[in-house]
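Let me begin by presenting the structure, written as structure tokens, before commenting on it.
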Amino acid sequence: MALNERTLGSKTSPLVVSRLGLGAMGMSDLYGPADEAESTATIHAAFDAGLTLIDTGDFYGMGHNELLIRDALRSSGRARGEVAISVKFGAQRDYAGNWLGYDARPAAVKTALAYTLRRLGTDYVDVYRPARLDPNVPIEETVGAIAEMVEAGYVRHIGLSEVGAETLRRAQAVHPITDLQIEYSLVSRGIEKEILPTVRELGIGVTAYGVLSRGLISGHWQADRQLSAGDFRGFSPRFQGDNLEANLRLVEALRAVAEAKDASVAQVAIAWVLAQGDDIVPLVGARRRERLTEALGAAELVLEPADLAAIEEAVPQGSAAGDRYVAAQMAHLDSEK
Ligand SMILES: NC(=O)c1ccc[n+]([C@@H]2O[C@H](COP(=O)([O-])OP(=O)(O)OC[C@H]3O[C@@H](n4cnc5c(N)ncnc54)[C@H](OP(=O)(O)O)[C@@H]3O)[C@@H](O)[C@H]2O)c1
5 MALNERTLGS
15 KTSPLVVSRL
25 GLGAMGMSDL
35 YGPADEAEST
45 ATIHAAFDAG
55 LTLIDTGDFY
65 GMGHNELLIR
75 DALRSSGRAR
85 GEVAISVKFG
95 AQRDYAGNWL
105 GYDARPAAVK
115 TALAYTLRRL
125 GTDYVDVYRP
135 ARLDPNVPIE
145 ETVGAIAEMV
155 EAGYVRHIGL
165 SEVGAETLRR
175 AQAVHPITDL
185 QIEYSLVSRG
195 IEKEILPTVR
205 ELGIGVTAYG
215 VLSRGLISGH
225 WQADRQLSAG
235 DFRGFSPRFQ
245 GDNLEANLRL
255 VEALRAVAEA
265 KDASVAQVAI
275 AWVLAQGDDI
285 VPLVGARRRE
295 RLTEALGAAE
305 LVLEPADLAA
315 IEEAVPQGSA
325 AGDRYVAAQM
335 AHLDSEK
């Protein structure tokens, strides 16, 4: 299957990647146990399908995700330059996985990068970004430190994650920003008002995460699914009680649209994000080959204006019940201020 390319940061610091990226987070963290052999096979299958962007964070399994990617890249036989690796840093966590805040001071940037390069077994990352705005550090200092790492050859492009319009402008004034990584899906459309127009004005691309709202709008979510202790969805407001019931009703409305297109719910949800602009690259969080194959099918799905209208009717803007994070984590989102 050929995956056409999209250019992130076309006017700033261009990076050409496949139009779907693979998000590897769930292979190490936050969505319950993952099977390492199947994760590796899924990464290989993604590369074989022409996917050239893989996203990770140094805090996904506290280094586990980066080591997994290193090994999968090596055993795939691909050259380092065939795949762009995007890495987030800054989230502070303890051994139990508790969230302790963010550290994006210049010294922390450079130290975290050094560990990441060792773990990935490479001497550069394609995109390096703070996972969240550190409230104690001006964005100019964080981006300035990454810019020094670009200068030194350890980083190719600078990205940001979950920041708002003002932070984007301040960051861009220090160094060209390639992409903003942010949650964007049929049920998380907050970026449309101010953030999307701003990145477009500045020429910054978007890597969209949570395009299936963490599996909620995948069409596979079962209300009685048993979740392990650390599973994000065990806490996420959208997966609880009445919210979950209301959200799954939206999924059933979407299923009717999908069936009329001979597609799956997940494919329609991913294709909807793809249809929002050539400057957006959805990250798919598949952890198994079967799910990856389904997700890749979205790249083949053409949504006509009538389909987009039917989708909008099934899942109107703002119809999701519940916030996308618990209150403590919402407070860390510069993008929501
Ligand atoms: N910058 C940030 O703040 C941030 C935050 C979160 C994630 N991310 C990045 O974005 C990536 C994607 O996020 P996400 O994993 O939350 O995305 P997502 O696509 O909304 O959710 C992925 C989950 O949906 C379920 N699913 C069901 N059918 C699927 C299908 N056909 N294809 C893919 N997934 C399917 C799977 O859960 P089960 O396997 O459990 O069924 C999968 O783990 C992450 O891996 C990470 O790299 C970034």
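Per this note's numbering, residue 5 is the first one in the sequence shown, and the count goes up by one each step.
Every residue, glycine too, gets a C-beta built ideally from N, C-alpha and C.
Predicted, not measured: the structure shown is a model, and the values here were computed from it.
Closest to Met334 by CA distance: which of Gly85, Trp103, Ala38 and Gly61 is it? Here residue 334 refers to the residue found at position 330 of the sequence shown. Looking at the Cα atoms, Trp103 is the closest of the given residues.
Is any heavy atom in ligand 1 found nearer than 7 Å to the beta carbon of Gln185? Counting from one through the sequence shown, the residue named residue 185 turns up at place 181. Flag set: Cβ of Gln185 near ligand 1.
Report back the beta-carbon spacing between Val87 and Leu77 to the nearest angstrom; my notes put them in contact at under 8 Å. Translated into positions along the sequence shown, residue 87 becomes position 83. Translated into positions along the sequence shown, residue 77 becomes position 73. Confirmed, Cβ separation roughly 6 Å.
Can you name the start and end residues of the beta strand (DSSP E) that Ile162 belongs to? In the sequence shown, residue 162 corresponds to position 158, counting from 1. Counting along the chain, the beta strand (DSSP E) containing Ile162 begins and ends at Val159 to Ser165.
Taking 7 Å as the line, does the beta carbon of Thr60 fall inside it for any heavy atom of ligand 1? As a working note, residue 60 is residue 56 in the sequence shown. Under cutoff, so the answer is yes.
Taking buried to mean at least 16 other C-beta atoms within 10 Å of its own C-beta, is Thr182 buried or exposed? What you label residue 182 is simply residue 178 of the sequence shown in a count that begins at 1. Classification for Thr182: buried.
Would you say the beta carbon of Gly65 is closer than 7 Å to some non-hydrogen atom of ligand 3? Questions concerning ligand 3 fall outside what the structure shown contains, since the ligands it does hold are ligand 1.
Taking the alpha carbon of Arg218 as the reference point, which residue from Gln230, Arg204, Asp235 and Asp282 has its own alpha carbon closest? Here residue 218 refers to the residue found at position 214 when the sequence shown is read from its first residue. Nearest option by C-alpha distance: Asp235.
Is Tyr188 close to ligand 1? I mean its beta-carbon at under 7 Å from any heavy atom of the ligand. In the sequence shown, residue 188 corresponds to position 184, counting from 1. Incorrect: Tyr188 has no Cβ contact closer than 7 Å to ligand 1.
Endpoints, the alpha helix (DSSP H) within which Tyr119 is located: Sequence index remark: in the sequence shown, residue 119 carries index 115 (1-based). Unbroken alpha helix (DSSP H) run through Tyr119: Pro110 to Leu124.
Closer than 7 Å: is that where the CB of Lys265 sits relative to any heavy atom of ligand 1? Counting from 1 along the sequence shown, the entry for residue 265 is found at position 261. The answer is no for Lys265.
Between the alpha carbons of Ile195 and Gly168, how many angstroms are there, rounded? The residue labelled residue 195 in the question sits at position 191 within the sequence shown. The residue labelled residue 168 in the question sits at position 164 within the sequence shown. The C-alpha of Gly168 is placed about 9 Å away from the C-alpha of Ile195.
Ligand 1 and Met29: does any heavy atom of the ligand fall closer than 7 Å to the residue's C-beta? As a working mapping, residue 29 is identified with position 25 in the sequence shown. Flag set: Cβ of Met29 near ligand 1.
As a quick exercise: from Glu198, Leu124 and Val203, pick the residue whose alpha carbon is nearest that of Gly163. Taking the sequence shown and counting its residues from 1, the one referred to as residue 163 is at position 159. Of Glu198, Leu124 and Val203, the residue nearest in Cα terms is Val203.
Beta-carbon spacing of Val113, His161 below 8 Å: One-based indexing of the sequence shown puts residue 113 at position 109. One-based indexing of the sequence shown puts residue 161 at position 157. No, the pair does not count as a contact, with Cβ atoms beyond the cut-off.
Quick check on DSSP: helix, strand or coil for Leu306? If you number the sequence shown from 1, residue 306 lands on position 302. The amino acid at residue 306 is misidentified as Leu; the sequence shows Val. The DSSP-derived three-state label of Val306 is coil.
Taking the alpha-carbon of Val255 as reference, which of Tyr329, Gln226 and Asp283 has the nearest alpha-carbon? In the sequence shown, residue 255 corresponds to position 251, counting from 1. Val255 has its Cα closest to that of Gln226, out of Tyr329, Gln226 and Asp283.
Bridge partners for Val285 per DSSP, in chain order? Sequence index remark: in the sequence shown, residue 285 carries index 281 (1-based). Among the bridge pairs identified by DSSP, Val285 is matched with Thr211.
By Cβ distance, which residues of its chain are closer than 6 Å to Arg427, with the 5 residues on each side in sequence left out? Residue coverage of the chain in this structure runs from 5 to 341, which leaves residue 427 outside it and unanswerable.
State whether the stretch 62-70 contacts the stretch 28-47, with contact taken as three or more CB pairs (one from each stretch) at a distance under 8 Å. The answer is yes - the stretch 28-47 touches the stretch 62-70, with three or more Cβ pairs under 8 Å.
Extract the residue ranges of the beta strand (DSSP E) inside the stretch 28-94, only unbroken runs of 3 or more that lie entirely within it. Runs found: 57-61 and 88-93.
Have a look at His224, Gln244, Asn247 and Asp246 and flag the residue whose alpha-carbon is nearest the alpha-carbon of Gln271. Within the sequence shown, numbered from 1, the residue matching residue 271 stands at position 267. Of the listed residues, the one whose Cα sits closest to Gln271 is His224.
Give me the Cβ distance between Arg23 and Ala303, rounded to the nearest whole Å; I'm assuming they're in contact under 8 Å. Stepping through the sequence shown from its first residue, residue 23 is reached at position 19. Stepping through the sequence shown from its first residue, residue 303 is reached at position 299. Right, their Cβ atoms sit about 6 Å apart.
Closer than 7 Å by C-beta to Phe239: which residues in its own chain qualify, once you throw out the five before and the five after it? Chain order, please. As a position in the sequence shown, residue 239 is number 235, starting the count at 1. Closer than 7 Å at the Cβ level, and outside the excluded window around Phe239, lie Val330.
Alpha-carbon to alpha-carbon, Arg133 and Val159: Here residue 159 corresponds to residue number 155 of the sequence shown, with the count starting at 1. Here residue 133 corresponds to residue number 129 of the sequence shown, with the count starting at 1. Rounded to the nearest angstrom, the two C-alpha atoms are 10 Å apart.
Presumed contact (8 Å Cβ cut-off) between Leu214 and Ser192, rounded CB distance: Here residue 214 refers to the residue found at position 210 of the sequence shown. Here residue 192 refers to the residue found at position 188 of the sequence shown. In the sequence under discussion, the amino acid at residue 214 is Gly, which differs from the Leu named in the question. Right, the Cβ-Cβ distance comes to about 6 Å (below 8 Å), so this counts as a contact.
Is any non-hydrogen atom of ligand 1 found closer than 7 Å to the C-beta of Gly13, if you look at the structure I gave you? Here residue 13 is taken as the residue at index 9 of the sequence shown, counted from 1. Checking the Cβ of Gly13 against ligand 1 gives no.
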